[in-house]
Amino acid sequence: MEILSASDRDIEKAAAALAAGGLVAFPTETVYGLGADAFNLSALARIFEAKNRPRFDPLIIHIAELDSLSRIVDISSLDKTAEERLSLLSARLWPGPLTLILPKRAEVPELATAGLATAAVRFPSHPAALKLIRLSTGAVAAPSANPFGYLSPTRAEHVKAQLGEKVDFIIDGGKTSVGVESTVLDLSGSTPRILRPGGTSREAIESLIGPVEISAGAEDLNNPLADINETQASPAIPLSLRLSPGQLKSHYAPRTPLILHRRGELAVLPDALDSVRGESQSKDHGKNEGQSEGRGKNEGRLYFSLPAKGNSHPAERTRVLSETGDLREAAANLFDMLHELDGLGLSLIRAEEAPAGGLGEAINDRLRKAAAQ
Ligand code: TXA
Ligand code: MG
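Right, here's the structure in full:
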């Protein structure tokens, strides 16, 4: 594995490797992706191996110009309404953090779409991503560049630490700007449906195409995996019951257990509750460790905004997504700060919800999934 810069020369080198069947991790405006030629079966298989990703979880195909859409999507099968929605959304919100689910062309490998009749397409806005896609094959399948179920990477270092030698090149474009993944919008049914809230707000989508449904997700299902398999085996199941694996109850999770608190709860959490015995259980620490010093020693906190009365929790184990409570800034910091807290060897992270609406939906979706066991 070699880390490359985002210079033209380095991207050319990575593009050549990608076109030849290699795996290249690259920055997008949302999170880092793990890219392979969308039409190369063995390269696609390497993505699943590197991520330890189940084969039933379909990939997003990234394009760098609108003309490439027709290589992936069967546009002739869209009715007039769907075609109108597609042209409005692609004209106004692409390039950007929006993934569209549309009927696929037969030529698109089943491995990329996990056997579904639809494909996920995204036109990212990050210049390094666009250059890499254009110079390689024009259609790059790329999931987030993390092991399945783990936090998504917002820096090249995260990819290196998590996937390392499993990839050929990592293009280092610094910290990503949006910080949460793209919004996944299913346009293949009669009513558009958000399968995963993300970097494009529901409000932005609805202002263009009118009301969209929000998928209830898999939260209520005891065994979402079983349901996905069943769904694929039976094409007769209505669209409304279809699941996107991004809807799995537990996903985007740090290795440290995480508890999600309602807004404001963290700031008033009594110190006495701020405790997990963790270190004080160890015999070495003796008796006097107990009451005060040992409490909360092993616990991290992730605030949405700066608590009004200030933070009394030790600074090195505290992160604030946005001091001023700005949703964009908070989303950009979410995975980054979770990565930091996860690297401290804590026994618990307490996080607080973001306010609802806009990017708050994506932040809260990721936090809920990080908290689910
Ligand atoms: O921002 C992003 O979308 C990032 C960057 C790298 O572009 N990519 C990303 O990919 O998050 P991934 O694989 O981690 O998540 C893709 C999501 C999954 O939840 C997958 O199940 C869903 O999109 N998906 C893909 N194809 C689908 C399809 N045909 N129908 C329904 N859901 C689909
Ligand atoms: Mg992912």
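Residues 10 to 382 (my numbering) are what the sequence shown spells out, left to right. Here a beta-carbon is modelled for each residue, glycine too, at the ideal position from N, C-alpha and C.
Compare the C-alpha of residue i against each of the options and name the closest.
i      : options                           : result
Ile69  : Ser153, Ala324, Asp88 and Gly30   : Ser153
Arg337 : Lys318, Thr327 and Gly367         : Gly367
Glu332 : Pro263, Gly158, Leu315 and Met346 : Leu315
Gly183 : Trp103, Gly352, Val40 and Glu74   : Val40
Ala170 : Thr37, Leu269, Ala365 and Gly352  : Gly352
Gly105 : Arg94, Arg326, Gly207 and Ala165  : Gly207
Arg211 : Ser197, Thr192, Lys175 and Arg62  : Thr192
Val187 : Ser356, Asp345 and Glu362         : Asp345
Leu125 : Pro136, Leu111 and Lys22          : Leu111
Ile218 : Glu93, Glu116 and Ala341          : Glu93
Ser216 : Lys22, Glu21 and Leu98            : Leu98
Pro133 : Ala121, Gly42 and Ala379          : Gly42
Arg202 : Lys318, Thr265 and Ala91          : Ala91
Ala52  : Ala115, Ala129, Ala26 and Thr37   : Ala26
Using the three-state DSSP reduction, which class does residue i fall into: helix, strand or coil?
i      : result
Leu194 : strand
Arg164 : coil
Lys22  : helix
Ile223 : strand
Thr127 : strand
Ile84  : helix
Thr185 : coil
Ala365 : coil
Ser16  : coil
Ser153 : strand
Ala379 : helix
Ala371 : helix
Ala34  : strand
In chain order, what residues of the same chain lie with their CB nearer than 6 Å to the CB of residue i, ignoring the 5 residues before and after it?
i      : result
Ala24  : Leu141, Leu144 and Ser145
Leu347 : Leu160 and Pro263
Asn155 : Ser161, Pro162 and Gln171
Val176 : Met10, Leu32 and Ala34
Arg131 : Ile69, His71, Thr108 and Ser191
Arg101 : Leu217
From what residue to what residue does the beta strand (DSSP E) around residue i run?
i      : result
Phe65  : Premise fails: Phe65 is in no beta strand (DSSP E) and is neither H nor E.
Pro112 : Leu107 to Pro112
Ile358 : Leu357 to Glu361
Phe178 : Phe178 to Ile180
Thr39  : Thr39 -> no beta strand (DSSP E), and no H or E assigned at all.
His270 : Leu267 to His270
What is the residue span of the alpha helix (DSSP H) that residue i lies within?
i      : result
His260 : Note, His260: premise wrong, no alpha helix (DSSP H); not H, not E.
Ile218 : Arg211 to Ile218
Ile142 : Pro136 to Leu144
Arg205 : That residue, Arg205, is in no alpha helix (DSSP H); its beta strand (DSSP E) goes Arg202 to Arg205.
Glu308 : Looking at the DSSP string, Glu308 is not in any alpha helix (DSSP H); the run it does join, the beta strand (DSSP E), is Glu308 to Tyr312.
Thr122 : Glu119 to Thr122
Glu338 : Leu336 to Asp351
Glu11  : From DSSP, Glu11 is part of no alpha helix (DSSP H) but of the beta strand (DSSP E) over Glu11 to Leu13.
Arg328 : Element bounds for Arg328: not the alpha helix (DSSP H) but the beta strand (DSSP E), Thr327 to Val329.
Ala324 : Premise fails: Ala324 is in no alpha helix (DSSP H) and is neither H nor E.
Glu92  : Lys89 to Leu102
Please work out which residues of its chain come closer than 7 Å, Cβ to Cβ, to residue i, disregarding the five sequence neighbours upstream and downstream, and give them in chain order.
i      : result
Asn232 : Per-residue confidence for Asn232 stands at a pLDDT of 34, beneath the threshold of 50, marking its modelled position as unreliable; no derived number is given.
Ala381 : Lys258 and Ser259
Arg272 : Phe313, Glu361, Glu362 and Pro364
Ignore the nearest five residues each way along the sequence and tell me which others in residue i's own chain have a CB closer than 8 Å to its CB.
i     : result
Ser77 : Gly147 and Ala148
#### Entry: Beta carbon shell of the ligand MG at less than 6 Å from a heavy atom
With the cut-off at 6 Å, the residues found are Pro152, Ser153 and Ser161.
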